[in-house]
Amino acid sequence: SDAAIVNWVNDTFSAIMPDQEDIDRGAVSYTPSIASRHTPGGIVPQVHAFVGEARALETSRMVQLIQEAKGSVAVLVRARSHLSHLVPALRKHKIPFQAIELDALQDRAIIQQLLALTFALLHLADRVSWLAVLRAPWCGLTLSDLTKLAGQHHKTPIWDLLHDPALSLSADAQLRLNRCLPVLERALDQRGRVLVRRLVEETWLRLGGPACVDSDSELADAAAFFDLLESIEEAGDLSDFQFLRDQVQELFAQPDSKTDGRLQIMTIHKAKGLEFDNVILPGLDQSPRRDDDDLLVWLEMEGRLLLAPKGATGAEDDPIYKYLTHLERDKTAQEGARLLYVAATRARERLHLLGCASWNEAKQEITAAKHTFLHLLWPKVQHAFATAPRIEAAATESQTRERPIRRLPAGWTIPAPPPALEWTREAVPTEATPTVTYEWVGETLRHTGTVVHAYLGRIASDGLSSWTEERVSKSLPAMEAMLKSLGVPPLELATARSSVEKAVRQTLQSKMGRWILSAHQSAASEYAITGLVDGKPHSRVMDRTFIDDRGVRWIVDIKTSTHEGGDLQTFLDHEQSRYREQLEFYARLFAHTEERPVRLALYFPLLDTWREWPAPAVERRQASLFD
Numbered sequence: 012s013d014a015a016i017v018n019w020v021n022d023t024f025s026a027i028m029p030d031q032e033d034i035d036r037g038a039v040s041y042t043p044s045i046a047s048r049h050t051p052g053g054i055v056p057q058v059h060a061f062v063g064e065a066r067a068l069e070t071s072r073m074v075q076l077i078q079e080a081k082g083s084v085a086v087l088v089r090a091r092s093h094l095s096h097l098v099p100a101l102r103k104h105k106i107p108f109q110a111i112e113l114d115a116l117q118d119r120a121i122i123q124q125l126l127a128l129t130f131a132l133l134h135l136a137d138r139v140s141w142l143a144v145l146r147a148p149w150c151g152l153t154l155s156d157l158t159k160l161a162g163q164h165h166k167t168p169i170w171d172l173l174h175d176p177a178l179s180l181s182a183d184a185q186l187r188l189n190r191c192l193p194v195l196e197r198a199l200d201q202r203g204r205v206l207v208r209r210l211v212e213e214t215w216l217r218l219g220g221p222a223c224v225d226s227d228s229e230l231a232d233a234a235a236f237f238d239l240l241e242s243i244e245e246a247g248d249l250s251d252f253q254f255l256r257d258q259v260q261e262l263f264a265q266p267d268s269k270t271d272g273r274l275q276i277m278t279i280h281k282a283k284g285l286e287f288d289n290v291i292l293p294g295l296d297q298s299p300r301r302d303d304d305d306l307l308v309w310l311e312m313e314g315r316l317l318l319a320p321k322g323a324t325g326a327e328d329d330p331i332y333k334y335l336t337h338l339e340r341d342k343t344a345q346e347g348a349r350l351l352y353v354a355a356t357r358a359r360e361r362l363h364l365l366g367c368a369s370w371n372e373a374k375q376e377i378t379a380a381k382h383t384f385l386h387l388l389w390p391k392v393q394h395a396f397a398t399a400p401r402i403e404a405a406a407t408e409s410q411t412r413e414r415p416i417r418r419l420p421a422g423w424t425i426p427a428p429p430p431a432l433e434w435t436r437e438a439v440p441t442e443a444t445p446t447v448t449y450e451w452v453g454e455t456l457r458h459t460g461t462v463v464h465a466y467l468g469r470i471a472s473d474g475l476s477s478w479t480e481e482r483v484s485k486s487l488p489a490m491e492a493m494l495k496s497l498g499v500p501p502l503e504l505a506t507a508r509s510s511v512e513k514a515v516r517q518t519l520q521s522k523m524g525r526w527i528l529s530a531h532q533s534a535a536s537e538y539a540i541t542g543l544v545d546g547k548p549h550s551r552v553m554d555r556t557f558i559d560d561r562g563v564r565w566i567v568d569i570k571t572s573t574h575e576g577g578d579l580q581t582f583l584d585h586e587q588s589r590y591r592e593q594l595e596f597y598a599r600l601f602a603h604t605e606e607r608p609v610r611l612a613l614y615f616p617l618l619d620t621w622r623e624w625p626a627p628a629v630e631r632r633q634a635s636l637f638d
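Start counting the sequence shown at 12; every next residue gets the next number (this note's numbering).
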């Protein structure tokens, strides 16, 4: 850092830090630093003072400082919540920035709209979500129409009210509902039949959601939400809405890789060890979230332990508990001082401090809130606030006035898709794909195999530990819905579902099955591969492939065939003969991408058995894993 900054830090923190160290209180005394850079005309840290309800002015000043700064700029904050005003302002002024896990998506309008749409489609009685769906830009009912719809009916589901013959809404609302209700009705009919992501995403597209966004970044936010839905849904359903809300809180905008990195926004903790030409510390008056009281507090000393529980509700806390809690708060305060030191020492040339002090009407004085950086710096910066203009809170209107809303035009329709791309593909001679005949397999058995493959692939993707017997039981309705959507006749539905359930449960209980679905190296289900065989391109999709701990490539075909009576070994010989050419062709495709031994296998989950053999390229036969 420049000498002007180092001298200011020495002068300021020698007064903030304690004179003596105290390990119990977390107190560490300050050691002055020596500047190694002496820039002629170095500028001391600048305090930008505001008094009263001046957060908007502080934000405007911060944007101005960023625009005027030369070199790298870092905006450092104590907590993510302290950025709620800055990020929208930067976007408004089209100032590019990079922020890692700071720009939260949960408060963005598009995420709130998608959450409401998700909850509404999955829970008809969620009145708040349904009203939010009708208020969202794709529908855009006015508050007046929403009041007519639900104002006198506080317990009736909104969906039922929308179909009330006595409902009388404005002509504009009727026109909007005539477009949106068929889309929502179609979505409700699809519940349980399709995955949650597909249900919500398709409904959003049909309602015109993409036409309501202003930028590509909002489309990226929506895509992140849909990816989250896909990752947490269980067999076409969400069992815990609160879990979805919690996961949404962990969604952050991805850093803009196209920016030059000149402006960085981060927490002070993330900035440790970094330096920037300009450092801006906004919101000095904002305090961190206070932790709840601990149920048990303790202090470790040499050979001794002092501890105390929190008192019962309504009872006074034990004196020891009060003492230990006081020590813990002292430690937190000392840590806050050290955190402020870290922030101040990230600056090489310019350091800007911004904050809004409070006006105490009773005492007619300007004050700094306790437990804040501004309170720590108050003796040093108080003079700057004495001359700062005082901003009063804006007066609120006595009557609520409906604000204009952004919404699609009442007669909006989904635009027609662009014309199909016309192109001529150069014919490439390929060898006819060797096919395996399935004439002996009925349609229901084929659909059963499709669902078994889907669930075994899902288990491999999620991890074996996440699929308990209870989760399998909860997935039975979704299995049946999937079979029904594939066209399994009602009279055969129960038998087909039973076969799927048996295959899944036996695989999870089988040593062979669990080994096949384990997280091996390069493991993949429904793996698509394209390669040249005899100089001609071929594409195939294999059920399961991976590399074991011996470096052997396994290609496993999962078969839902059953066998009753007769010799099991004869049946396996027949199946191996039937599918040998197919699996050995898979092995030939891999031969062009890697050099390693390859083994082939047929796994029969309904029989809990398998048949394995080496690919022709393997000269030395390996011992079977499951003899």
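All residues carry an ideal CB built from backbone N, CA and C; glycine is no exception.
In this chain, the alpha helix (DSSP H) harbouring GLY347 covers 330-355. The shortest C-alpha to C-alpha distance from VAL224 to any of GLY474, ALA602, ILE470 and ILE122 is the one to ILE122.
MET312 has ARG315 as its beta-bridge partners, per DSSP. Nearest C-alpha to ALA264 among LEU230, VAL544 and ILE279: LEU230. An exposed status is given to PRO107, since fewer than 16 other beta-carbon atoms sit within 10 Å of its beta-carbon. Note that the C-beta distance between GLY151 and ARG457 is not below 9 Å. An exposed status is given to ASN189, since fewer than 16 other beta-carbon atoms sit within 10 Å of its beta-carbon. In this model, ALA323 and PHE384 are separated by some 34 Å (Cα to Cα).
Taking the C-beta atoms as reference points, ILE291 is found nearer than 9 Å to LEU87. Bridge partners of TRP423 according to DSSP: none are assigned.
Three or more pairs of CB atoms, one per stretch, sit closer than 8 Å, so the region 478-491 contacts the region 504-515. As computed with DSSP, PHE615 is found in a beta bridge with THR620. For the pair GLN253 and PRO99, the Cα-to-Cα distance works out to about 27 Å. For GLN78, the number of other beta carbons within 10 angstroms of its own is below 16, and it is reported as exposed. Assigned with DSSP and collapsed to three states, ALA131 falls in helix.
GLU605 and TRP565 have their C-alpha atoms spaced approximately 13 Å apart.
Residue ARG349 holds the alpha-carbon nearest to the alpha-carbon of LYS283 among VAL207, LYS391 and ARG349. Secondary structure at MET277: strand, using DSSP grouped into helix, strand and coil. Looking at the DSSP output, LYS547 shares a beta bridge with VAL544.
Residue pairing for ILE291: DSSP places it in a beta bridge opposite VAL86 and HIS363. Listed in chain order, the non-local C-beta contacts of GLU32 below 8 Å within the same chain comprise ALA38, VAL39 and SER40, local neighbours out to five positions each way being set aside.
In the DSSP assignment, ASP114 falls outside any alpha helix (DSSP H) and carries neither an H nor an E. Remark: C-beta atoms of ARG48 and LEU365 do not approach each other more closely than 9 Å. Judged by pairs of C-beta atoms under 8 Å, the region 536-552 does not touch the region 490-506, as fewer than three such pairs exist. DSSP, read as helix, strand or coil, puts HIS59 in strand. If you draw a 10 Å sphere on the C-beta of HIS386, you find 16 or more other C-beta atoms in it, and that means buried.
The alpha carbon of ARG208 has as its nearest neighbour, out of GLU481, ALA235, ARG361 and LEU240, the alpha carbon of LEU240. By the Cβ rule, the region 585-592 does not count as touching the region 471-486, because fewer than three pairs are nearer than 8 Å.
In the three-state reduction of the DSSP assignment, GLN297 falls in the coil class. Ranking HIS363, LEU116, LEU178 and LEU173 by CA distance to the CA of LEU76 puts HIS363 first. Distances from the CA of GLY498 to each of SER92, ALA358 and THR459 were compared; the closest alpha carbon is that of THR459. Distance from the CA of GLY82 to the CA of ALA358, rounded to the nearest whole angstrom, comes to 11 Å.
Buried is the label assigned to GLN124, since at least 16 other Cβ atoms lie within 10 Å of its Cβ.
If you draw a straight line from the Cα of HIS96 to the Cα of LEU68, it comes to about 11 Å. In the three-state DSSP reduction, TRP478 falls in the coil class, being neither helix nor strand.
With a 10 Å radius around the Cβ and a threshold of 16 neighbouring Cβ atoms, HIS174 comes out exposed.
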